[in-house]
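Chains as they are written, first to last, in my numbering: chain A, 285 to 398; chain B, 351 to 463. Just so you know, even glycine gets a beta-carbon here, dropped at the ideal spot from N, CA and C. Beneath this line is the structure, given in structure tokens, with notes to follow.
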Amino acid sequence: GQNIDQPTEMTATEGAIVQINCTYQTSGFNGLFWYQQHAGEAPTFLSYNVLDGLEEKGRFSSFLSRSKGYSYLLLKELQMKDSASYLCAVPGGPWDQAGTALIFGKGTTLSVSS
Amino acid sequence: DGGITQSPKYLFRKEGQNVTLSCEQNLNHDAMYWYRQDPGQGLRLIYYSQIVNDFQKGDIAEGYSVSREKKESFPLTVTSAQKNPTAFYLCASNSGQGNYEQYFGPGTRLTVT
């Protein structure tokens with residue numbers, strides 16, 4: 285079956301670098317998503333990795349290792365506005381024959397302090 | 351502007367009442383999804399629909415019902431059979447057909463007392 289694990293909470297200070305890890309177990313693999321969600325708001329797309337390696341997008345980078353079932357989101361030059369939950373997600377589930385729905389981890393709540 | 355709308359933002363109901371949450375999209379997406387989020391939890395899939403007049407149960411469909419009569423609309427009814435209906439409900443859509451990125455509506459926070 286599908287399983288996604290990520291740390292519950294992390295704290296960091298402004299200007300620092302933080303790495304949020306995600307491990308997953310899936311029966312098939314169609315990529316891995318990272319979403320950012322501020323409290324009470326909808327998730328917003330950050331990244332989608334299908335191939336192994338690091339993808340950089342401004343202050344945010346995402347890494348994937350398919351052989352290890354592992355991904356991380358790297359946030360550089362942290363700002364107060366980066367305080368949010370970060371959700372790791374993969375497509376597909378036992379009830380999803382087409383594999384288009386997303387299975388989400390429980391999210392990592394990041395608190396950035398000054 | 352293209353996007354997904356959910357209304358209302360906040361909804362209050364008494365226990366034992368059915369309530370319908372609205373979700374509309376003008377992105378011309380084939381697939382639509384309903385997720386539920388509880389405090390400190392990730393999103394859990396309730397129902398999804400990949401085409402008009404067809405929908406499938408997700409991980410936690412008990413106590414919920416949906417319809418998909420139009421491509422743009424995918425309303426969710428929370429019935430009195432749902433034991434713990436108070437939650438944040440998110441609607442999403444994507445074009446389907448191998449496109450996995452989902453676009454989310456702003457969500458509806460339902461409180462049942």
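**Asked** residue 375(A) to residue 446(B), Cα distance in whole Å?
**Response** Going by the C-alpha atoms only, they are around 11 Å apart.
**Request:** Report the option in 365(B), 433(B), 424(B) whose CA atom is closest to the CA atom of residue 400(B).
**Result:** If we check each option's Cα against that of residue 400(B), 424(B) comes out closest.
**Message:** If I follow the unbroken beta strand (DSSP E) through residue 335(A), where does it start and stop?
**Reply:** Looking at the DSSP string, residue 335(A) is not in any beta strand (DSSP E), and its letter there is neither H nor E.
**Message:** Just to make sure I have the definition right: I need the residues of chain B whose C-beta is within less than 7 Å of the C-beta of residue 360(A). Which are they?
**Reply:** Correct list: empty, because the minimum Cβ distance to chain B is about 23 Å.
**Prompt:** Along chain B, in chain order, which residues have C-beta atoms closer than 9 Å to that of residue 314(A)?
**Reply:** The answer, in chain order, is 448, 450.
**Prompt:** Do residue 450(B) and the ligand MN come close, with the Cβ less than 7 Å from some heavy atom?
**Reply:** As presented, the structure is devoid of all ligands, the ligand MN included, so that no description of it is given.
**Item:** Those residues which DSSP pairs with residue 414(B) across a bridge
**Value:** Paired residues: 428(B).
**Message:** With a threshold of 8 Å between beta carbons, is residue 414(B) in contact with chain A?
**Reply:** Taking Cβ atoms only, chain A never reaches closer than 8 Å to residue 414(B), which makes this a no.
**Prompt:** Using DSSP with H/G/I as helix, E/B as strand and the rest coil, what is residue 407(B)?
**Reply:** Strand, per DSSP.
**Message:** Let's see if you can read the secondary structure: which residues bound the beta strand (DSSP E) around residue 459(B)?
**Reply:** From DSSP, the beta strand (DSSP E) with residue 459(B) extends over 458-462.
**Request:** Look up residue 393(A) in the DSSP assignment and give the residues it is bridged to.
**Result:** Paired residues: 293(A), 369(A).
**Asked** Counting only beta-carbon atoms, is residue 437(B) nearer than 8 Å to chain A?
**Response** Interface residue (Cβ-Cβ distance to chain A less than 8 Å): residue 437(B) is not classified as such.
**Asked** Taking only beta-carbon atoms, is residue 456(B) less than 8 Å away from chain A?
**Response** Cβ-Cβ to chain A under 8 Å: yes for residue 456(B).
**Item:** Listed by chain order, chain B residues near residue 371(A) by CB distance under 8 Å
**Value:** Scanning chain B for C-beta atoms nearer than 8 Å to the C-beta of residue 371(A) yields 392, 393, reported in chain order.
**Asked** residue 368(B) lies in the beta strand (DSSP E); which residues open and close that run?
**Response** Residue 368(B) -> no beta strand (DSSP E), and no H or E assigned at all.
**Message:** Buried or exposed for residue 301(A), going by 16 or more other Cβ atoms inside 10 Å?
**Reply:** Counting other Cβ atoms within 10 Å of its Cβ, residue 301(A) stays below 16 and is therefore classed as exposed.
**Request:** For my contact list, residue 440(B) and residue 323(A) are in at a C-beta cut-off of 8 Å; report their separation, rounded to the angstrom.
**Result:** No, residue 440(B) and residue 323(A) are not in contact; Cβ-Cβ is about 14 Å, not under 8 Å.
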